[in-house]
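S.K.:
Residue numbers (the working numbering): 86 to 438.
(1) Could you spell out where the beta strand (DSSP E) holding residue 131 opens and where it closes?
(2) Assuming residue 34 is part of the beta strand (DSSP E), what are its boundary residues?
(3) For the putative contact between residue 249 and residue 124, defined by C-beta atoms under 8 Å, what is the C-beta separation to the nearest angstrom?
(4) From residue 171 to residue 163, what distance separates their C-alpha atoms?
(5) Using the C-alpha atoms, what's the distance from residue 207 back to residue 377?
(6) With a threshold of 8 Å on Cβ separation, who are the neighbours of residue 433 within its own chain once the five nearest residues in sequence on each side are excluded?
(7) To the nearest angstrom, how far is the alpha carbon of residue 375 from that of residue 344?
(8) Could you tell me the distance, in whole angstroms, from the CA atom of residue 291 to the CA atom of residue 309?
(9) Which residue wins for smallest C-alpha separation from residue 279, given the options 312, 326, 331 and 311?
(10) Output needed for residue 369: all residues of its chain with C-beta closer than 7 Å, excluding positions within five of it in sequence on either side, in chain order.
(11) I'd like the span of the alpha helix (DSSP H) that includes residue 352, first residue to last.
(12) Taking residue 284 as part of the beta strand (DSSP E), name the residues at either end of that continuous run.
(13) Alpha carbon to alpha carbon, how far is residue 101 from residue 396? Give it in angstroms, no decimals.
(14) Let's test the definition: count the other Cβ atoms within 10 Å of the Cβ of residue 400 and tell me whether it reaches 16, buried, or not, exposed.
(15) In chain order, which continuous runs of the alpha helix (DSSP H) of length 4 or greater are located wholly inside the segment 354-405?
(16) Buried or exposed, going by whether 16 or more other CB atoms sit within 10 Å of the CB of residue 360?
(17) Round the Cβ separation of residue 210 and residue 222 to the nearest angstrom and send it over; I've been treating them as touching at under 8 Å.
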């Protein structure tokens with residue numbers, strides 16, 4: 086396959102499996118991969134894409150390359166609740182009666198979106214305030230409050246998925262729970278073909294944001310690390326939602342585990358230099374993205390993500406007993422309590438690529 090993964094079309098992955106990249110309107114992700122599975126009854130999708138004016142046209146054009154039509158899609162299995170994965174699945178249901186399936190643990194997040202009635206990331210804004218970044222919270226609110234919101238894009242699925250076998254003619258699929266990116270994130274393992282549809286849990290060149298959803302839950306980064314450990318021995322080929330296909334899912338999981346352990350070390354070093362500090366101050370002392378950008382070089386959205394991820398790492402360090410949290414008037418300060426950043430790892434990690 087050619088080197089540019091966002092190239093329009095319907096790209097072969099394996100016998101009876103194809104990949105259609107659908108364009109995204111914002112940020113650096115550029116596209117979302119929708120996987121097309123041929124079945125005895127027609128077609129099924131892994132992930133649905135973002136409901137945008139161009140999405141149906143792009144999907145139809147891709148399917149036409151293999152002589153198929155969107156009307157043949159009878160089921161969409163969604164890896165998680167984010168709009169670039171879920172909302173177009175519901176549009177397919179409105180047009181063609183397609184059944185939509187979503188992880189059962191996404192139910193609270195979906196209810197929270199519908200109750201809020203906007204795209205404002207309220208949970209992230211609370212994290213920003215806890216981190217001592219009220220001005221950034223105000224900027225993030227202003228950037229998202231005016232975005233259009235359609236309640237129809239957040240209707241309930243037809244079926245709530247749980248871990249276990251997934252009957253689908255011609256595909257030996259098993260549903261695996263991988264909380265972290267969201268509470269109810271799922272991946273789908275095709276054991277016969279040796280494929281792992283990873284959604285945003287495993288991405289080939291970037292680390293997914295952690296706990297980016299509405300609703301409250303404890304230690305999303307801790308859950309994410311556990312989910313990575315569960316994949317670390319996987320020999321399946323990685324089929325991610327963003328980026329090119331290929332490579333070992335287990336190797337990438339090990340890479341990400343090593344990355345986060347390195348990040349714990351970096352955060353502890355910044356905290357040792359600063360003394361008692363807010364999560365906002367720690368985030369400003371780190372570099373970001375593969376290009377090593379300074380915090381001040383990030384846009385508002387990515388500053389929000391950076392502070393929230395810093396808080397997620399600090400919370401795990403508190404849980405490990407090596408950092409102490411000190412609440413002060415709604416803001417939390419953190420200070421190291423021992424030189425050792427964390428206990429020795431219980432898993433084997435490959436070097437970060």
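The beta-carbon is built from N, C-alpha and C at its ideal position, and this holds for glycine as well.
M.R.: So, to answer that:
(1) 127-131
(2) The structure shown does not extend to residue 34, since the chain is modelled only from 86 through 438, so no value can be given for it.
(3) The Cβ separation is near 19 Å, so there is no contact.
(4) Spanning the two alpha carbons is a distance of roughly 6 Å.
(5) 28 Å
(6) Confidence at residue 433 is low in this model, with a pLDDT of 29, below 50, so its placement is unreliable and the value that follows should be read with caution. Contacts found: 317 and 339.
(7) 11 Å
(8) When the Cα atoms are used, residue 291 and residue 309 turn out to be separated by approximately 15 Å.
(9) Nearest in C-alpha terms to residue 279, of all of 312, 326, 331 and 311, is 331.
(10) 380
(11) 334-359
(12) 280-284
(13) Distance between the alpha carbons of residue 396 and residue 101 is about 43 Å.
(14) buried
(15) Counting only runs of 4 or more residues that sit fully inside the segment 354-405, the alpha helix (DSSP H) segments are 364-369 and 385-404, in chain order.
(16) exposed
(17) 5 Å
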